[in-house]
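Peer 1: Pasting a structure below so you can have a look.
In the working numbering, the protein residues as written are 14 to 297.
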């Protein structure tokens, strides 16, 4: 049994595992390999979907199922199948139509297992999806898009990077705040609604969260200690509910949780090399 055999470590992807420019510090990758070589269980716990993991699935080593769609599903890379999932209990097409009527200035997207789907022509969305190596397509009413796990509203696409969506003018911030409030009022009985970035609103099934999926995976793997890392509002439940939690010093919620170095400097490596050994020394 290796030194980390009791530990499951789940980390957010954007601005936790990655730097602000979406690159992955090599120091993090080296630390993850070291952690797994010593029997630690490691995975990414992210709002990203199965199509969106194509951008990193061959770069980030993991030895546990990926936790995707903000906890709506666990995906086994080895079998390319879902280990578990939690669907939104609403009619997908009716929900899409309502959102397009309520928010004609925003882009509505459904994140499926095989691709992300839009419902009107949008070259900027196409370029964004292409850049992020995410399969995408135009859906028509009646198309079978698979399980209804998550849908997203986007503000203006000014750049093709996910990192660019974290910026917004005061007017854009107010618009997205208003859209978020309307979504909660309309769908809050069935869905969790929250901001994934300044110009991105995510929606998934009620009761689903990153911590719920992490605990479910921990139980399946039989690990005694759950350590989680995240940087933003959609990570709060995970950070509050983990046995131990850490945030990059430049994270949005860094004032609420124990800090490690900024994400560009290898925050995940800090947790693996420094924090987890401290946890194991004080909790033998």
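We put the CB at the ideal spot given by N, CA and C, even for glycine.
If you follow the beta strand (DSSP E) that residue 163 is part of, which residue opens it and which one closes it?
Peer 2: Translated into positions along the chain shown, residue 163 becomes position 150. Segment 163-167, the beta strand (DSSP E) holding residue 163.
Peer 1: Please report how far the alpha carbon of residue 184 lies from the alpha carbon of residue 193, in whole angstroms.
Peer 2: Here residue 184 refers to the residue found at position 171 when the chain shown is read from its first residue. Here residue 193 refers to the residue found at position 180 when the chain shown is read from its first residue. Distance between the alpha carbons of residue 184 and residue 193 is about 14 Å.
Peer 1: With three or more beta-carbon pairs closer than 8 Å as the criterion, would you say the segment 69-83 touches the segment 223-230?
Peer 2: Touching, yes.
Peer 1: At the level of alpha carbons, what is the spacing between residue 248 and residue 133?
Peer 2: The count along the chain shown starts at 1 and reaches residue 248 at position 235. The count along the chain shown starts at 1 and reaches residue 133 at position 120. The alpha-carbon atoms of residue 248 and residue 133 are separated by roughly 31 Å.
Peer 1: Could you tell me whether the segment 100-107 touches the segment 65-74, using the rule of 3 or more Cβ pairs below 8 Å?
Peer 2: Judged by Cβ distances under 8 Å, the segment 100-107 makes no contact with the segment 65-74, as fewer than three pairs qualify.
Peer 1: To which residues does DSSP link residue 298 through a beta bridge?
Peer 2: Because the chain spans 14 through 297 in this model, residue 298 falls outside it and cannot be assessed.
Peer 1: Taking the C-alpha atoms as reference points, what is the distance between residue 14 and residue 76?
Peer 2: Position 1 of the chain shown holds residue 14. Position 63 of the chain shown holds residue 76. Rounded to whole angstroms, residue 14 to residue 76 spans 16 Å at the Cα level.
Peer 1: Using only the alpha-carbon positions, how far apart do residue 190 and residue 211 sit?
Peer 2: Translated into positions along the chain shown, residue 190 becomes position 177. Translated into positions along the chain shown, residue 211 becomes position 198. Whole-angstrom Cα-Cα distance: 9 Å.
Peer 1: Could you give the distance in angstroms between the alpha-carbon of residue 105 and the alpha-carbon of residue 161?
Peer 2: On the chain shown, residue 105 is found 92 positions in, with the first residue counted as 1. On the chain shown, residue 161 is found 148 positions in, with the first residue counted as 1. Each residue's Cα considered, the two are about 7 Å apart.
Peer 1: Using 10 angstroms around the beta-carbon of residue 151, count the other beta-carbons present and answer buried if the total reaches 16, otherwise exposed.
Peer 2: Position 138 of the chain shown, counted from the start, is the residue given in the question as residue 151. Flag for residue 151 reads exposed.
Peer 1: Can you tell me the Cα-Cα spacing of residue 231 and residue 203, whole angstroms?
Peer 2: Walking along the chain shown from the start, residue 231 turns up at place 218. Walking along the chain shown from the start, residue 203 turns up at place 190. Those two C-alpha atoms are separated by around 26 Å.
Peer 1: If we ignore side chains and look at the alpha-carbon of each, how far apart do residue 167 and residue 215 end up?
Peer 2: Sequence index remark: in the chain shown, residue 167 carries index 154 (1-based). Sequence index remark: in the chain shown, residue 215 carries index 202 (1-based). For residue 167 and residue 215, the distance between alpha carbons rounds to 9 Å.
Peer 1: Flag this pair as yes or no: are the beta carbons of residue 292 and residue 238 separated by less than 8 Å?
Peer 2: Numbered from its first residue, the chain shown carries residue 292 at position 279. Numbered from its first residue, the chain shown carries residue 238 at position 225. Taking 8 Å as the Cβ cut-off, residue 292 and residue 238 qualify as a contacting pair.
Peer 1: Following the continuous beta strand (DSSP E) through residue 47, name the residue where it begins and the one where it ends.
Peer 2: Taking the chain shown and counting its residues from 1, one reaches residue 47 at position 34. No beta strand (DSSP E) holds residue 47; the alpha helix (DSSP H) holding it covers 39-50.
Peer 1: With H, G and I counted as helix, E and B as strand and the rest as coil, what does DSSP make of residue 270?
Peer 2: Here the question's residue 270 lines up with position 257 in the chain shown. Residue 270 falls in the coil class under three-state DSSP.
Peer 1: What ranges does the beta strand (DSSP E) occupy inside the segment 241-285, keeping only unbroken runs of at least 3 residues that lie completely in it?
Peer 2: If we require 3 residues or more, the beta strand (DSSP E) runs fully inside the segment 241-285 come out as 257-261.
Peer 1: Would you kindly work out how many angstroms separate the C-alpha atoms of residue 275 and residue 263, rounded to a whole number?
Peer 2: One-based indexing of the chain shown puts residue 275 at position 262. One-based indexing of the chain shown puts residue 263 at position 250. Spanning the two alpha carbons is a distance of roughly 5 Å.
Peer 1: If we require 3 or more residues per run, which beta strand (DSSP E) segments fall completely within the segment 163-240?
Peer 2: Those beta strand (DSSP E) runs which fall completely within the segment 163-240 and span 3+ residues are 163-167, 204-210 and 213-218.
Peer 1: With a 10 Å radius around its C-beta and 16 neighbouring C-beta atoms as the bar for buried, classify residue 44 as buried or exposed.
Peer 2: Residue 44 sits at position 31 when you count from the first residue of the chain shown. Buried.
Peer 1: Note down the Cα distance separating residue 56 from residue 23, rounded to an integer number of angstroms.
Peer 2: Start at 1 with the first residue of the chain shown, and residue 56 comes out as number 43. Start at 1 with the first residue of the chain shown, and residue 23 comes out as number 10. About 5 Å.
Peer 1: Using alpha carbons as the reference points, say which of 255, 141, 171 and 234 lies closest to residue 241.
Peer 2: On the chain shown, position 228 is the one that residue 241 refers to. The shortest Cα separation from residue 241 among 255, 141, 171 and 234 belongs to 255.
Peer 1: Taking the alpha carbon of residue 136 as the point to measure from, which residue in 157, 209, 260 and 173 has its own alpha carbon closest?
Peer 2: Position 123 of the chain shown, counting from 1, holds the residue named residue 136. Answer by Cα proximity: 173.
Peer 1: Since residue 23 is in the alpha helix (DSSP H), which residue starts that stretch and which ends it?
Peer 2: The count along the chain shown starts at 1 and reaches residue 23 at position 10. Note, residue 23: premise wrong, no alpha helix (DSSP H); beta strand (DSSP E) at 20-24.
Peer 1: Under 8 Å, do residue 261 and residue 28 count as touching if we go by C-beta distance?
Peer 2: Here residue 261 refers to the residue found at position 248 of the chain shown. Here residue 28 refers to the residue found at position 15 of the chain shown. Going by C-beta atoms, residue 261 is nearer than 8 Å to residue 28.
Peer 1: Which class does residue 83 belong to by DSSP, given the choice of helix, strand or coil?
Peer 2: As a working note, residue 83 is residue 70 in the chain shown. Reduced to three states, the DSSP call for residue 83 is helix.
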